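Engineer: Chains as they are written, first to last, in this note's numbering: chain A, 1 to 210; chain B, 1 to 210; chain C, 1 to 210; chain D, 1 to 210.
Number of protein chains: 4
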Amino acid sequence: MELIGDNDGIETWQEVNLLYNAALHQMETKMEILNEEFQHVHQYNPIEHIKARIKTPESIVKKLKRNGLDSTIENMVNHVNDIAGIRIICSFTSDIYRIAEMINHQQDIQVLKVKDYITYPKASGYKSYHMIVTVPVYLSDRKVDTKVEIQIRTVAMDFWASLEHKINYKFEGDVPTHISQELIDCAKMVSDLDDKMLQLNDEIMDLGRK
Amino acid sequence: MELIGDNDGIETWQEVNLLYNAALHQMETKMEILNEEFQHVHQYNPIEHIKARIKTPESIVKKLKRNGLDSTIENMVNHVNDIAGIRIICSFTSDIYRIAEMINHQQDIQVLKVKDYITYPKASGYKSYHMIVTVPVYLSDRKVDTKVEIQIRTVAMDFWASLEHKINYKFEGDVPTHISQELIDCAKMVSDLDDKMLQLNDEIMDLGRK
Amino acid sequence: MELIGDNDGIETWQEVNLLYNAALHQMETKMEILNEEFQHVHQYNPIEHIKARIKTPESIVKKLKRNGLDSTIENMVNHVNDIAGIRIICSFTSDIYRIAEMINHQQDIQVLKVKDYITYPKASGYKSYHMIVTVPVYLSDRKVDTKVEIQIRTVAMDFWASLEHKINYKFEGDVPTHISQELIDCAKMVSDLDDKMLQLNDEIMDLGRK
Amino acid sequence: MELIGDNDGIETWQEVNLLYNAALHQMETKMEILNEEFQHVHQYNPIEHIKARIKTPESIVKKLKRNGLDSTIENMVNHVNDIAGIRIICSFTSDIYRIAEMINHQQDIQVLKVKDYITYPKASGYKSYHMIVTVPVYLSDRKVDTKVEIQIRTVAMDFWASLEHKINYKFEGDVPTHISQELIDCAKMVSDLDDKMLQLNDEIMDLGRK
Chain A
1 MELIGDNDGI
11 ETWQEVNLLY
21 NAALHQMETK
31 MEILNEEFQH
41 VHQYNPIEHI
51 KARIKTPESI
61 VKKLKRNGLD
71 STIENMVNHV
81 NDIAGIRIIC
91 SFTSDIYRIA
101 EMINHQQDIQ
111 VLKVKDYITY
121 PKASGYKSYH
131 MIVTVPVYLS
141 DRKVDTKVEI
151 QIRTVAMDFW
161 ASLEHKINYK
171 FEGDVPTHIS
181 QELIDCAKMV
191 SDLDDKMLQL
201 NDEIMDLGRK
Chain B
1 MELIGDNDGI
11 ETWQEVNLLY
21 NAALHQMETK
31 MEILNEEFQH
41 VHQYNPIEHI
51 KARIKTPESI
61 VKKLKRNGLD
71 STIENMVNHV
81 NDIAGIRIIC
91 SFTSDIYRIA
101 EMINHQQDIQ
111 VLKVKDYITY
121 PKASGYKSYH
131 MIVTVPVYLS
141 DRKVDTKVEI
151 QIRTVAMDFW
161 ASLEHKINYK
171 FEGDVPTHIS
181 QELIDCAKMV
191 SDLDDKMLQL
201 NDEIMDLGRK
Chain C
1 MELIGDNDGI
11 ETWQEVNLLY
21 NAALHQMETK
31 MEILNEEFQH
41 VHQYNPIEHI
51 KARIKTPESI
61 VKKLKRNGLD
71 STIENMVNHV
81 NDIAGIRIIC
91 SFTSDIYRIA
101 EMINHQQDIQ
111 VLKVKDYITY
121 PKASGYKSYH
131 MIVTVPVYLS
141 DRKVDTKVEI
151 QIRTVAMDFW
161 ASLEHKINYK
171 FEGDVPTHIS
181 QELIDCAKMV
191 SDLDDKMLQL
201 NDEIMDLGRK
Chain D
1 MELIGDNDGI
11 ETWQEVNLLY
21 NAALHQMETK
31 MEILNEEFQH
41 VHQYNPIEHI
51 KARIKTPESI
61 VKKLKRNGLD
71 STIENMVNHV
81 NDIAGIRIIC
91 SFTSDIYRIA
101 EMINHQQDIQ
111 VLKVKDYITY
121 PKASGYKSYH
131 MIVTVPVYLS
141 DRKVDTKVEI
151 QIRTVAMDFW
161 ASLEHKINYK
171 FEGDVPTHIS
181 QELIDCAKMV
191 SDLDDKMLQL
201 NDEIMDLGRK
């Protein structure tokens, strides 16, 4: 296996772009295959939909600067974990852990880091399950294990996160206290709704089994 | 314009399928164009995503039977309004009316019927904005105005509706009272969340304008 | 109907881009619907595949300059006919005319100009059927009949045209005489192959009918 | 690695379908990544387009019967090499070998069999480069190396092959001699055209280098 943490012969922004796009494409294919298999076995799709995005060069440079690092290709590849990002949206909180487990079991995927903001939400109210993984990208002459950030969340959490993102963008991080407080209230409502819907779903699944 | 309500030379199930698939395809293209325009003017996508489906022959026959009608192509075309169905999912309740208005203003679309289950939810708690419209399908030798059912709802309403659908399917319409009651409770939580999120969104939009 | 030849309230490049992209999207949907219908009636797809492209701002400005016109939005909309371009690739020469006829018969399409480089090839050997049409784009508040250039050709003609394009690009129009001559020879081989394949196809269709 | 040649826990047609669809999906993703890389390095796309198909159960059963084998899942998986088929269409004959080489170099791909009908065309005139490979499909609990048949050919060869397929289908293998002869003549024209176009392309590439 290629070493993670050197730049693997990637020398230009175009090559970074190529490699991380390939990693996203490969990761999406993986998730679609797992979703199909799950659907076949359990008559049920855990994944509602998937969004993929490449971080813009501007955002990457900003992140490096914030961490006191020069804007070199090597620093990008080694120190920015979310150049390639994939977001997996599902219906129920329980699906989140099911999907994380499926990813964990993939033999060719290496999980580098996990942050469980479902069990331990951020102070802002933010909930999501984050993983940094490497996925192998097979180029014409070599395999490059490439980092992808995966975020897994419910539709309700995703709705909340879009609004939070809009608010942070608008106030450039300097959000008025009453707005932050209202966001926390909303996050509570999202959690309650997710809990209630999951409980109802479990109830009818149990009834079905009897 | 072709008369709505005769079968327009459609004689076989294959032709029904062809025509209504074309209507769905045309309707999706329309909505994508409107979404792009809206995005350009308002820097904002009202449409989160779109799902399209053709009713199965089995469901169509079932619906005709329920209404005491023979399973002829003519009866399908004249009496089943949701052979082609499109579902438009948006973030905020206010988007629902914005999208409905855009559809209303399309010169080549004819709105046949509207049911506003947003302002007047069903007893079950179901919320959605329904429209039956005709969209022109240009075949090689004629134009056929073809019926499409449009459902517009928020992501939270859509999540609720999926669970309700699963429950109805499981109990074949004969849902235990306590389950129905819990569904109503969930619908209330969905409404409260949608209200709160919309209010917060309006608030930050207003702040931005000052 | 909107007048063709004024700029229809289109004022910025972004709006040009939006409108012509919508026109391409609408035109592709139309062609896919016609292809499906044709397939149903004749058990045969006349269209192999479709490519769509928007002319770059640079190419548009270049074309205006070549014609002694200022780079205004109005001049773009009125004097550049191929801002939106669609290429339809088919198997047999006879399909070209079939497809052109289907487009001609569309009630909402207006054919502005036709150039039949199939019957009358260019001196270079270039063969293709060109149409300038308008397709209605339904914006939120009005309909804009928008120009699209359609090129229809066989796979063999398309192969030849790619090579010619590469050559013209390489030599910036100043192609060495022996290369031009070889291109003409190739065009002859393309024509002979297309004729032979069509003749063989017609032959077996006739055998089938007996 | 899983053993090739046992049925890897695949027990139903649905599972066969699932697995081979996943293999096709994975193989397409691989080829798209390689095409992007090639485009970046050589400013040129070797792949024109890709078609993928799953063999119908009927065709699989027919093939087994022809080989005197029972229609079991195990026989399908072990003895039918083209359940999953991918066709890669390129512009020039030289691209065919370039693509084959890229596939050969993929570390996770195993090439089981190669038939070079480019250098050694069939008596019918048929030209194509065939490979039987295995591609790893990562299911939730295991990796299954799954067979895929790859056919690589030029656009002109592909056009010819479609017509030949139509003819074989029409006459159910019992093609009249004069039709077979005309097909051979066409194949000769296809070869001559491909040779001429490649020669012209090489010539201009050389001119560019001086």
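In this text, a Cβ means the ideal position worked out from N, Cα and C, and glycines have one as well.
What you are looking at is a predicted structure, and each value in this text was computed from that prediction instead of being measured.
1. Tell me whether the beta-carbon of E37/B lies closer than 8 Å to the beta-carbon of L18/C.
2. Let me know if Y120/C comes out buried or exposed under the rule of 16 or more other beta-carbons within 10 Å of its beta-carbon.
3. From S91/D to R153/D, what does the alpha carbon distance come to, in whole angstroms?
4. Name the residue from K65/D, S140/D, M197/D, K62/D whose alpha carbon lies nearest to the alpha carbon of H105/A.
5. Give me the Cα-Cα distance between G5/B and V144/C, rounded to the nearest whole angstrom.
6. To the nearest angstrom, report how far apart S94/D and I167/C are at their CA atoms.
7. Would you say I60/D and V80/D are within 8 Å of each other, going by their C-beta atoms?
8. Any idea what DSSP makes of P121/D, helix, strand or coil?
9. At a CB-CB cut-off below 8 Å, which residues of chain A make contact with L18/D?
10. From V111/C to D82/C, what does the alpha carbon distance come to, in whole angstroms?
11. Name the residue from D192/B, M205/B, Y169/B, P136/B whose alpha carbon lies nearest to the alpha carbon of K30/C.
12. Can you tell me the Cα-Cα spacing of L64/B and D174/A, whole angstroms?
13. Roughly how many whole angstroms lie between the Cα atoms of N35/B and Q26/B?
14. So, does the CB of D116/B fall closer than 8 Å to a CB anywhere in chain A?
15. Given 8 Å as the limit, is there contact between the segment 125-132 of chain A and the segment 178-198 of chain A, that is, 3 or more CB pairs closer than that?
16. Going along chain D in order, which residues have a C-beta closer than 9 Å to the C-beta of E48/A?
17. Which same chain residues, not among the five before or five after M157/C, have their C-beta less than 8 Å away from its C-beta?
18. Can you find a C-beta in chain B that's less than 8 Å from the C-beta of K196/C?
19. Please name the residue or residues paired with D145/C in a DSSP beta bridge.
20. Return the CA-CA distance between K170/D and S180/D, expressed in angstroms with no decimal places.
21. Work out the CA separation of T146/D and D108/D for me, nearest whole Å.
22. Using beta-carbon positions only, say whether I47/D and I150/D come within less than 8 Å of one another.
23. Please list the residues of the segment 129-154 of chain C that have a C-beta atom closer than 9 Å to any C-beta atom in chain B, keeping them in chain order.
24. Let me check understanding here. Comparing Cα to Cα, which of E182/D, R142/D, E172/D lies closest to W160/D?
25. So what's T12/C in DSSP terms, helix, strand or just coil?
26. For N21/B, which residues in the same chain have their Cβ closer than 7 Å to its Cβ, ignoring the five residues on either side in sequence?
27. Pull up the distance between the alpha-carbon of I33/D and that of M102/D, whole angstroms please.
28. Is the shortest distance between the beta-carbon of E2/C and the beta-carbons of chain B less than 8 Å?
29. Chain D partners of V190/C, CB-CB under 7 Å?
30. Candidates Y44/C, D116/C, M131/C, L163/C: which alpha carbon is nearest E203/D's?
31. Measuring straight from C-alpha to C-alpha, what distance separates L211/B and D116/B?
32. Report the option in I88/D, I73/D, N45/D, K113/D whose CA atom is closest to the CA atom of G9/D.
33. In chain C, which residues lie with their C-beta within 8 Å of the C-beta of A156/B?
34. Roughly how many angstroms lie between the CA atoms of I99/C and I88/C, to the nearest whole one?
35. Is the Cβ of K51/D closer than 8 Å to any Cβ of chain A?
36. I'd like the span of the beta strand (DSSP E) that includes V61/A, first residue to last.
Structural biologist: Working from what's here:
1. Taking the first residue of the second sequence as position 1, residue 37/B is located at position 37. Taking the first residue of the third sequence as position 1, residue 18/C is located at position 18. The Cβ-Cβ distance between E37/B and L18/C falls below 8 Å.
2. For the purposes of this step, residue 120/C is taken as residue 120 along the third sequence, with counting starting at 1. With fewer than 16 Cβ atoms within 10 Å of its Cβ, Y120/C is classed as exposed.
3. By one-based count along the fourth sequence, residue 91/D stands at place 91. By one-based count along the fourth sequence, residue 153/D stands at place 153. Cα to Cα, S91/D sits roughly 8 Å from R153/D.
4. By 1-based counting over the first sequence, the position of residue 105/A is 105. Nearest of K65/D, S140/D, M197/D, K62/D to H105/A, Cα basis: S140/D.
5. If you number the second sequence from 1, residue 5/B lands on position 5. If you number the third sequence from 1, residue 144/C lands on position 144. Because G5/B carries a pLDDT of 45, less than 50, the predicted location of this residue cannot be relied on, and the following value inherits that uncertainty. Cα atoms of G5/B and V144/C: separation of roughly 29 Å, rounded to the nearest angstrom.
6. For the purposes of this step, residue 94/D is identified with residue 94 of the fourth sequence, where counting begins at 1. For the purposes of this step, residue 167/C is identified with residue 167 of the third sequence, where counting begins at 1. S94/D and I167/C: Cα-Cα distance of roughly 18 Å.
7. Locating residue 60/D in the fourth sequence gives position 60, where the first residue counts as 1. Locating residue 80/D in the fourth sequence gives position 80, where the first residue counts as 1. Going by C-beta atoms, I60/D is nearer than 8 Å to V80/D.
8. Taking the fourth sequence and counting its residues from 1, the one referred to as residue 121/D is at position 121. Three-state result, P121/D: coil.
9. Counting from 1 along the fourth sequence, the entry for residue 18/D is found at position 18. Correct list: E36, E37, H40.
10. Taking the first residue of the third sequence as position 1, residue 111/C is located at position 111. Taking the first residue of the third sequence as position 1, residue 82/C is located at position 82. Each residue's alpha carbon lies about 14 Å from the other.
11. Within the third sequence, residue 30/C is the residue found at index 30, counting from 1. Considering only alpha carbons, the answer is P136/B.
12. Start at 1 with the first residue of the second sequence, and residue 64/B comes out as number 64. Start at 1 with the first residue of the first sequence, and residue 174/A comes out as number 174. Cα-Cα distance, rounded: 59 Å.
13. Walking along the second sequence from the start, residue 35/B turns up at place 35. Walking along the second sequence from the start, residue 26/B turns up at place 26. Straight-line Cα distance between these residues: approximately 14 Å.
14. By one-based count along the second sequence, residue 116/B stands at place 116. Between D116/B and chain A, the shortest Cβ-Cβ separation is not below 8 Å.
15. Contact between the segment 125-132 of chain A and the segment 178-198 of chain A is present, with at least three C-beta pairs closer than 8 Å.
16. Along the first sequence, one-based indexing puts residue 48/A at 48. Here the premise fails: no neighbours, minimum Cβ distance about 18 Å.
17. Translated into positions along the third sequence, residue 157/C becomes position 157. K127, S128, V190, D194, listed in sequence order.
18. Here the question's residue 196/C lines up with position 196 in the third sequence. Cβ-Cβ to chain B under 8 Å: no for K196/C.
19. Position 145 of the third sequence holds residue 145/C. In DSSP, D145/C forms a bridge with P136/C.
20. For this step, residue 170/D is matched to residue 170 along the fourth sequence. For this step, residue 180/D is matched to residue 180 along the fourth sequence. Going by the C-alpha atoms only, they are around 13 Å apart.
21. Residue mapping note: residue 108/D aligns to position 108 of the fourth sequence, counting from 1. Residue mapping note: residue 146/D aligns to position 146 of the fourth sequence, counting from 1. Roughly 11 Å separates the two Cα atoms.
22. Counting from 1 along the fourth sequence, the entry for residue 47/D is found at position 47. Counting from 1 along the fourth sequence, the entry for residue 150/D is found at position 150. 8 Å or more divides the Cβ of I47/D from the Cβ of I150/D.
23. Answer in chain order: P136, V137, Y138, L139, S140, D141, R142, K143.
24. Position 160 of the fourth sequence, counted from the first residue, corresponds to residue 160/D. Considering only E182/D, R142/D, E172/D, the residue with the shortest C-alpha distance to W160/D is E182/D.
25. Stepping through the third sequence from its first residue, residue 12/C is reached at position 12. Assignment of T12/C by DSSP, reduced to helix, strand and coil, places it in the coil class.
26. Taking the first residue of the second sequence as 1, we reach residue 21/B at position 21. These residues qualify, in order along the chain: I54.
27. Numbered from its first residue, the fourth sequence carries residue 33/D at position 33. Numbered from its first residue, the fourth sequence carries residue 102/D at position 102. When rounded, the separation of the alpha-carbon atoms in I33/D and M102/D is 11 Å.
28. As a first step, residue 2/C must be located in the third sequence, where it is residue number 2. Because the pLDDT at E2/C is just 37, under 50, the model does not fix this residue reliably, and the point stays unresolved.
29. Numbered from 1 along the third sequence, position 190 holds the residue referred to as residue 190/C. Those within 7 Å of V190/C in chain D are L193.
30. Sequence index remark: in the fourth sequence, residue 203/D carries index 203 (1-based). Answer by Cα proximity: L163/C.
31. Only positions 1 to 210 of chain B appear in the structure, and residue 211/B is not among them; the question remains open.
32. Taking the first residue of the fourth sequence as 1, we reach residue 9/D at position 9. Ranking I88/D, I73/D, N45/D, K113/D by Cα distance to G9/D puts I73/D first.
33. Indexing the second sequence from 1 puts residue 156/B at position 156. Chain C residues near A156/B: none, gap ~26 Å exceeds 8 Å.
34. Position 99 of the third sequence holds residue 99/C. Position 88 of the third sequence holds residue 88/C. Taking the straight line joining both Cα atoms gives about 9 Å.
35. Taking the first residue of the fourth sequence as position 1, residue 51/D is located at position 51. Cβ-Cβ to chain A under 8 Å: no for K51/D.
36. Walking along the first sequence from the start, residue 61/A turns up at place 61. No beta strand (DSSP E) contains V61/A, which is instead part of the alpha helix (DSSP H) from 57-66.
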